[in-house]
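For reference, the structure discussed in these notes is given below.
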Amino acid sequence: MLRRRLNRLLGGDERRVDSRTIYVGHRSSSTNEAFIPPKFCDNRIVSSKYTVWNFLPKNLFEQFRRIANFYFLIIFLVQVIVDTPTSPVTSGLPLFFVITVTAIKQGYEDWLRHKADNEVNKYPVTVLEQGRRIRKESEKIKVGDVVEVEEDVTFPCDLILLQSSRDDDTCFVTTASLDGESNHKTHYTVPDTEKELETLNATIECEQPQPDLYKFVGRMHSYKNDQEPAVRSLGPENLLLKGATLKNTQRICGVAVYTGMETKMALNYQGKSQKRSAVEKSINAFLLVYLCILVSKALVCTVLKYVWQSKPGQDEPWYNEKTQREKDTNLYLKMFTDFLSFMVLFNFIIPVSMYVTVEMQKFLGSFFITWDKDFFDPEIKEGALVNTSDLNEELGQVEYVFTDKTGTLTQNNMEFKECCIDGFQYKYGDAGSELDGFCVTDGPVNKVHEKAGREKEELFLRALCLCHTVQVKESSEQGQGQRDGLMDQVDGFGLDGEVLPPPQEQRGFIASSPDEVALVKGAMRYGFTFLGMESKTMKILTRTNNVEKYELLHVLNFDPVRRRMSVIVRSKSGDTLLFCKGADSSIFPRVRQEEVERIRMHVERNATEGYRTLCVAYKYLNAEDYAQADAGLREARLALQDREEKLMAVYNQVETGMSLIGATAVEDRLQEEAAETMEALQGAGIKVWVLTGDKMETAKSTCYACRLFQRNTELLELTVRTLEDGGRRREERLHELLLEYHKKAVQDVPPVKSGVTRTWSSANQDYGFIIDGATLSMVLNSSSESNSSRYKNLFLQICQNCTSVLCCRMAPLQKAQIVKMVKNSKGSPITLSIGDGANDVSMILEAHVGIGIKGKEGRQAVRNSDYAIPKLKHLKKLLLAHGHLYYVRIAHLVQYFFYKNLCFILPQFLYQFFCGYSQQPLYDAAYLTMYNICFTSMPILAYSLLEQHISMEVLLDNAALYREIAKNGMLRWRPFLYWTLLGVFHGLLFFFGVRFLFGNPALQDNGQVFGNWSYGTIVFTILVFTVTLKLALDTRHWTWINHFVIWGSLLFYVFFSFFWGGIIWPFLKQQRLYFVFANMLSSVSAWLVIILLILLSLLPEILLVVFHKPRGPHARQKKPVQSNVGGHQSPRSSARPLLMRTFSDESNTVI
């Protein structure tokens, strides 16, 4: 890849960059020249990151790129090089623990990738060589090999289909592992390929590998004895992708064109850009503050040391004379080494273990989403999926949700409702009504019960039967499909009460889009049945039970830019017809305008009712027109360069001057609980924007159905229609409308009190905003840069002051542009995009959090998302319950880590004022090492995984609770200051409380004096018990795991202290704590001061809990308050204690 990019940049090796030539079966086209096979990569798939040889250096390099790890490495090296007061073990062991745990996790994940790679690479395949079938391992396939694949086997590389066991030279494949589409897709052999592949002499010229699954450009040259080579165009319909599976076809043969890491599947699995959560950014900011505290502590101690030593007799007392080497040392060098020594002594204020705890919390916490039974969908037998555990807490901070419409808000389950033929409405009645339905008119003249002409009706129904890419599935194959678990793509023909000819009863449809099946079934309702296609001949059964045959000449495929598809067919009578169906915006400009008015009202009314509409048109092609179109299409399909553009030009040329026949209406029902979910999100203070490619009327009716727009919502419309109303230039009208809407929605709105969002205030008018793709292009890409920036700002301000925004007729790129614009706006709001189709991938990747729905439009959205859920309704629990709790847990974890490390190091700093700034440690090296790793790590990890300060049921019932933690509320500077001051208070209390006790050092019965290690051990004991019990006080949701880790950690500390001090360890040069702990506990005074100081430290917390509000274990769940939609704030909001993290006030959930 890198070499190709360099070649492209430097302009070298142009031929290699543009195309490649492949010799089928490695046979040269010329017998005279020596054959030198070109070199391509082998068929090995490598998704792993490391090898046995590079794991250690590569992993260490990646880990030490993290600032915290690198910082601790420097501290460790300083301890090794400089004579520091603490052993290098004290920082080396925690660092080693963090590095080792992370390396094991990453190594295990990579081992799984190696294992998966080997399964693929060692899979046996059949290759045809010189007429013989040879079994090989998949990794040994070379470009040019002819590979044989049998039914239900996955293709080992990207193949061009040369031969199929089916009579019509087609094969069926499913691409579920590539894009999740479980429906069968039809692929075709290269036309006029020799049946005996051993004698085939051909070369394939095609484009270099690129990741687009749906694009392929190439041509095949077939050589026969001294004849001109026959040239055949190759497209995506001839290409079988690695990862796809052969279905309903016994056997195929194909030539390998892309292998290994050059296959489209491999190119699509490149890593996504790393997303960072707001919590990570807060951690880095807090880390800088604590780093400043650390440096200032070291500076203060260094300065005071030399001030103190400047007094006579203090620098070199009689009992501690300097050596000659110490006297000769440069003063500034000595000051620098002293500064480093103090840095090492106080470095535990920076919590290195916090990073590994956060990693473990995120990794283990993500399992709670996948294990949640409420996310399990019995239809697809799947639950939620977590692709990125780094963003769990971001789910609790979402301010904007960008959602697709089709398949996300709606089910993407299409049902044919009605059609309009020549201005007459046809609704299908019950089975007893006449076969071709009844009709009313949408026109101004009342023509009830008058039908369109029979000729027009039949032409329209023939168009529905012919203009599609649907395949008929035979009964035997249907049974096989059911055995394969593919029931959902087989849509049976049987209709309620309808009698069909026996051969069709046992058939079903295979289609790439549910729209197409709905239209073919719609035609059946009116008596026209599609029977299938045999070798380019399409057969339909008419009302009179006659079978009509049409030769399929060309298919002009659907694409999202044209928004239409066409077929060119020839009837038995020799007439050549073009049938076209597509969106009204793409069909109306291409037909006679007098026909448009008859249909437009029908289309607009159906769109208002929420139906998906398509217009149908036709055109007779005379011999000259067809010859010109045929030549143009063939030439464009053979082009290697700009094939798409050339085809588009021919399509646009052919699809003009058509006659409009009618339109269809297909219903796409709302997703289950879509309205309730949207209402809950709005109640939580989240703004919902709908970004869809559908027409405005359909999308607007969906927004009303989902309660995004209420009946009293004033809609501000900025579409092509409103721009043309004023009769002036579009840009002038755009500027005028933007200013008008800005005045209405932004300037004229009264200011709102802080903490209350205007959207939920009943006193103000609610606004909804509607914009279409064409107008958005004008806003974002105005002719002058100054105007563009001004328009963008006005547009953004209007949108941010509206309850909901609808963007219709959006291209995928425009969806991403909108998300990016909001994401980069003032305040950098957290954005979430949710969609189910490939057209949503760009906005899913652009948003802070991307969510894919396991819908019917494939799995590309799921593969590119951070989280995947089966249904839209699951978004409510994912955000309001899981997201809320994840954020509260990790925010508490971060604040608690900084707090407990400040409590830990502050006494060490204060101790320097009483030991002549001699860098004497207050705690033993074992305590320094074990404090963060063993004594205090497990309780906070358990808390951060299991805590529910408010139960999930209450969080779901009270969406307004989500607003209390909005905008990173618990990791702002105010709660950070609270925790820091709490740490300072506890640190001062520990140190000076114990010092007060040591006013009389003879604390034992025998009059023996306690020493400095006893002093430090008493402080450390109070510290461990206080910080652990502080967490116990904060815990609202107790489980056996919390009890086990909290009381277990305290017991382990006591046991370790007895064990560490009770044995003479041979590997220690000096044993500072020998029997110190046991001696300390033999003093009643020590017991008293330990208990007293723990109680004094926690007393403010206890008093706040006891006196603030009486409460029982179930009080908070008795009677939840109504969601705060009316804008009335509760007099005792729980926001304040939430920010302070005492959780003592939950008045919003208790009455």
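According to my numbering, the sequence shown holds residues 48 to 1198 in order. Idealized CB from N, CA, C, for every residue including glycine. No experiment lies behind these values; they were computed from the predicted model shown.
Here ILE877 carries a coil assignment [DSSP, helix/strand/coil]. For ASP672, the secondary structure class from DSSP, reduced to helix, strand or coil, is helix. Using a C-beta cut-off of 8 Å, the region 195-207 makes no contact with the region 98-114, since fewer than three inter-stretch Cβ pairs fall below that distance. Here VAL594 has LYS586, LEU588 as same chain residues with Cβ atoms under 6 Å from its own Cβ, once five neighbours each way along the sequence are excluded. For ASN604, the uninterrupted beta strand (DSSP E) run begins and ends at 594-606, by DSSP. If you look at GLU714, you'll find it in the beta strand (DSSP E) that goes 706-717. Taking each of LEU293, ASN101, THR1086, LEU728 in turn and checking the Cα distance to HIS931, the smallest one comes out for LEU728. Under the 10 Å beta carbon count, TRP1060 is surrounded by 16 or more other beta carbons and is classified as buried. Beta-bridge partners assigned by DSSP to MET585: MET580, TYR597. DSSP, read as helix, strand or coil, puts LYS409 in helix. For LEU442, no alpha helix (DSSP H) segment is defined, and its DSSP state is neither H nor E. Taking LYS262 as reference, the option from ASP130, LEU694, GLN967, ASP795 with the minimal CA-CA separation is LEU694. Comparing alpha carbon positions, the residue from GLU309, GLU1011, ILE1141 closest to LEU1035 is ILE1141.
Cα atoms of HIS929 and ILE877: separation of roughly 16 Å, rounded to the nearest angstrom. A direct Cα-Cα distance of roughly 14 Å separates MET857 from GLY882.
A residue is called buried once 16 or more other Cβ atoms fall within 10 Å of its Cβ, and GLU691, having fewer, is exposed.
Under the three-state reduction of DSSP, PHE956 is assigned to helix.
Uninterrupted alpha helix (DSSP H) stretches at least 4 residues long and entirely within the region 136-184 occur at 136-168, given in chain order. Put simply, the region 990-999 does not touch the region 304-315. Fewer than three CB pairs are less than 8 Å apart. Beta bridge pairing from DSSP links SER66 with GLU254. Judged by beta-carbon spacing, PHE386 lies within the 9 Å limit of THR349, meaning their Cβ atoms are closer than that value. Linking PHE117 to GLU327 through their CA atoms gives a straight-line distance of about 17 Å. For MET1127, the closest C-alpha among the options PHE1045, LEU432, LEU1143, ALA1079 is that of PHE1045. Around the beta-carbon of LEU566, 16 or more other beta-carbon atoms lie within 10 Å, marking it buried. Less than 9 Å divides the Cβ of LEU685 from the Cβ of SER280.
When rounded, the separation of the alpha-carbon atoms in ASP1081 and THR1073 is 12 Å.
Counting C-beta atoms within 10 angstroms of its own C-beta, HIS1090 has fewer than 16 neighbours from the protein chains shown and is therefore classed as exposed. A distance below 8 Å between beta-carbons, with the five flanking residues on each side excluded, links PHE123 to the following residues of its chain, in chain order: PRO135, SER138, GLY139, LEU142. Taking the C-beta atoms as reference points, ALA431 is found no nearer than 9 Å to THR450. For LEU1097, the closest alpha carbon among the candidates PHE395, CYS753, THR983, ALA1007 is that of THR983.
Around the Cβ of PRO986, a 10 Å sphere holds 16 or more other Cβ atoms; the residue is buried. Across the structure, ILE299 and ILE69 are spaced so that their CA atoms are roughly 19 Å apart.
Counting other Cβ atoms within 10 Å of its Cβ, ALA678 stays below 16 and is therefore classed as exposed. The Cβ-Cβ distance between GLU714 and GLU462 falls below 9 Å.
ARG1083 carries a coil assignment under DSSP once its states are collapsed to helix, strand and coil. In this structure, DSSP gives HIS996 a state outside helix and strand, which the three-state scheme calls coil.
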